Amino acid sequence: MLAVVFTGPTVESLQRAAAFMHTAHNQVALIVEGTAENMPADVRDLPAAIIRVEKDSGRGRAVKTAARQARRMGMTHIVTLDADRLPAVDQMAVLASAVAANSDSIVIGRQDRLMESAANRASDRSTVRRRLKNFFFRLQTGIHLKDAQSRLRSYPLVVLEQLRLHANRDAFDTEVLTKAAWAGVKIKEVGIRLSGRSTPRSASFWRSLRNGLGVLVMIVHLTMRSITPLPHRKIVSSGDRTGETISVFRPLRSIRTLLTENVTPVQLAAAGAMGVFLGALPLIALHTVVILFVSSYFRLNKVATLAASQLCMPPIVPALCIEVGYFIRHGEFLTEISFETLGYQALERLWEWLLGSMVVAPVMAALVGGLVYVAASLINRGMRVGRPR
-19 MLAVVFTGPT VESLQRAAAF MHTAHNQVAL IVEGTAENMP ADVRDLPAAI
31 IRVEKDSGRG RAVKTAARQA RRMGMTHIVT LDADRLPAVD QMAVLASAVA
81 ANSDSIVIGR QDRLMESAAN RASDRSTVRR RLKNFFFRLQ TGIHLKDAQS
131 RLRSYPLVVL EQLRLHANRD AFDTEVLTKA AWAGVKIKEV GIRLSGRSTP
181 RSASFWRSLR NGLGVLVMIV HLTMRSITPL PHRKIVSSGD RTGETISVFR
231 PLRSIRTLLT ENVTPVQLAA AGAMGVFLGA LPLIALHTVV ILFVSSYFRL
281 NKVATLAASQ LCMPPIVPAL CIEVGYFIRH GEFLTEISFE TLGYQALERL
331 WEWLLGSMVV APVMAALVGG LVYVAASLIN RGMRVGRPR
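So for the sequence shown, the working numbering puts the first residue at -19; every next one is plus one.
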């Protein structure tokens, strides 16, 4: 395992890295940006690999360079660390144990909030960023993490080598984590105590703006990709058909692949219930988009969820919701169907649709979910009985 410390061009950053390397027992490499003319002598004399990258080359390109260097050194993993937020020395052993126990996984050193002093805790702005990244990561992958923005990570080299990664700057951290999850790579978190304070980087305004926009564009791209029903390329075999390629030249095989994603009876029942629940809501012109996002967030079968939502197509279910909502408001059912009640009073009918859907949607979701579960269980049992032993 090669620990890679990302340092800034300042003397203070290099000295923090030097102090860490004097006490760390793992093999350590320094990522030095530019020529590092001000490199202290105690850093130059350390028995560590100095990996130089061009100034302003970006974090993603630096990680890829470090991965190639680690492979030449015979390593199997790299651990990325920032010089301004290094883990305590004893915490490196905790991280190394987690990596050894999960050698095929990406291990994230999650900042342990209980072990960290109040003076060193992240700012409110950093907390908001972390929560947003956690939300979008779950939206894209269906996996819940407590600190998706942590840069203290262990990457198996084989994962970095097999993933198709395009980002070369700060967006790399977002891209590699999401695409690894899509590819079937497990992601583990371990609580780590960090030493030192999180200090703002001395980057120029335009560089910070460029990196921020790059991360934003990457998040939007990955989020839109996640809601498409097309399966993602797998690098870890999961024993199912979800890694097969979708092709217009093989429509039947492609349909089977789409239908066998998340298809246990419980998952199908949840997909059916969610599709009917959302389909009954007055999400005019937004049903498909919302259903795809929710399916991705909860890791439901997108095809099954969309198919179940078609049970709520107009006019029957919307009319039922409006009648229930009208009854809740007025104590009687709407019996007059005219241009006045449906045209001039359209906003009132929309409000009644929303009210009625709060009653109709859960009831229909429970019924459809139960029926789908029973049917899927019977089919699954029949397939097991008919399968040759």
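Beta carbons: idealized from backbone N, C-alpha and C, even for Gly. For clarity, every value in this text was computed on a predicted model and none was experimentally measured.
- Residues of the same chain with a CB within less than 6 Å of the CB of Asn114, apart from the 5 flanking positions on each side, are Leu125, Ala128 in chain order.
- Here the alpha carbon of Ala42 sits roughly 26 Å from the alpha carbon of Asp70.
- Closest option to Leu(-18), judged by alpha-carbon separation, among Tyr135, Val108, Ala299, Ala345: Tyr135.
- Look at Thr60 here: in three-state DSSP terms it is strand.
- Leu347 sits in a helix when the DSSP states are folded into three classes.
- Per DSSP, the beta-bridge partners of Arg133 are Thr60, Ile88.
- Residue Cys292 holds the alpha-carbon nearest to the alpha-carbon of Pro262 among Tyr277, Cys292, Val283, Gln247.
- Sixteen is the threshold: since fewer than 16 other Cβ atoms of the shown chains lie within 10 Å of the Cβ of Ser188, the residue is exposed.
- Shown here for Pro67: same chain residues with a beta carbon closer than 6 Å to its own, the five before and five after excluded, namely Ile172, Leu174 in chain order.
- Scanning its chain for C-beta atoms nearer than 8 Å, with the 5 sequence neighbours on each side dropped, one finds around Leu330 the residues Pro262, in chain order.
- Rounded to whole angstroms, the Cβ separation of Leu143 and Val156 is 7 Å, and the two are in contact under 8 Å.
- Minimum Cα-Cα distance from Glu303 among the listed residues Phe313, Arg309, Ile317, Ser318 corresponds to Phe313.
- Per DSSP, the continuous beta strand (DSSP E) segment holding Lys168 begins and ends at 167 to 172.
- Around the C-beta of Met204, fewer than 16 other C-beta atoms lie within 10 Å, and the residue is accordingly described as exposed.
- With respect to the C-alpha of Leu202, the residue from Ala78, Thr158, Arg190 having the closest C-alpha is Thr158.
- Contact between Asn281 and Val243 is confirmed by a C-beta separation of about 6 Å, below the 8 Å threshold.
- Going by beta carbons, Tyr277 and Leu119 fall inside the 8 Å limit.
- The Cβ-Cβ distance between Val170 and Arg48 does not fall below 8 Å.
- In the three-state reduction of the DSSP assignment, Val8 falls in the strand class, which pools E and B.
- Around the beta carbon of Asp84, fewer than 16 other beta carbons sit within 10 angstroms, so the residue counts as exposed.
- Setting aside the 5 residues that flank it on each side, Asn148 is surrounded in the same chain by Gly38, Gly40, Arg41, each with a C-beta closer than 6 Å to its C-beta; the list follows chain order.
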